[in-house]
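Here the structure is laid out as structure tokens; the discussion comes afterwards.
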Ligand code: ZN
């Protein structure tokens with residue numbers, strides 16, 4: 005079951021300058037910075053009530069974030085929904101006709117197991133499913 009919006013991912017060119025910008029916007033500091041080596045990104049997280057904002061900066065020109073910014077510029081990159089059982093949701097959504105980008109769960113930032121759905125099957129929005137690691 006999809007429970008809530010866990011976070012919104014925003015692609016940025018510079019994590020440092022965007023951390024400053026979002027600090028002004030939210031009136032609070034990010035609570036963590038974390039590199040996801042497998043995705044070639046560096047991330048930072050802000051907590052807003054129950055929802056987080058994840059800023060993503062490419063650490064390598066081959067990173068999906070680098071390609072996204074090249075094509076579309078900075079902006080909203082994905083919406084992440086928290087699920088209670090990742091494998092079950094992946095199977096359910098696959099059977100509903102959504103295209104999974106990764107067919108097995110992978111490690112995401114902030115202690116999560118994740119799976120992405122291809123934007124071509126979700127009205128142009130990259131969807132992340134995430135489940136807290138137990
Ligand atoms: Zn994310």
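In the numbering used here, the protein residues as written are 5 to 138. All residues carry an ideal CB built from backbone N, CA and C; glycine is no exception. Just so it is clear, the structure is predicted and the values come from calculations on it, not from any experiment.
Going by DSSP, what residue range makes up the beta strand (DSSP E) through residue 94? Going by DSSP, residue 94 is part of no beta strand (DSSP E) but of the alpha helix (DSSP H) stretching over 90-99.
Taking DSSP as the reference, what is the three-state secondary structure of residue 56? Here residue 56 sits in strand by DSSP.
Quick one, what's near the ligand ZN if you take every residue whose CB is closer than 5 Å to any heavy atom, in chain order? Taking every residue with its beta carbon within less than 5 Å of a heavy atom belonging to the ligand ZN gives, in chain order, 13, 58, 84 and 132.
Determine which residues share a DSSP beta bridge with residue 85 and list them. Residue 85 has 9 and 133 as its beta-bridge partners, per DSSP.
Please list, in chain order, all residues of the same chain as residue 46 whose beta carbon is under 6 Å from its beta carbon, the five residues on each side excluded. Excluding the 5 residues flanking it on each side, residue 46 has same chain C-beta neighbours closer than 6 Å at 19, 39, 61 and 63, in chain order.
Look up residue 66 in the DSSP assignment and give the residues it is bridged to. Beta-bridge partners assigned by DSSP to residue 66: none are found.
For the putative contact between residue 59 and residue 21, defined by C-beta atoms under 8 Å, what is the C-beta separation to the nearest angstrom? Incorrect: roughly 10 Å between the Cβ atoms, too far for contact.
Tell me where the alpha helix (DSSP H) around residue 43 begins and ends. No alpha helix (DSSP H) holds residue 43; DSSP gives it neither H nor E.
Compare the Cα-Cα distances from residue 27 to each of 93, 92, 57 and 122 and report the closest residue. Of 93, 92, 57 and 122, the smallest CA-CA separation from residue 27 is found for 57.
Whole angstroms are fine: how far does the CA of residue 89 sit from the CA of residue 70? Taking the straight line from one Cα to the other gives about 30 Å.
Please state the DSSP three-state secondary structure of residue 72. Helix, per DSSP.
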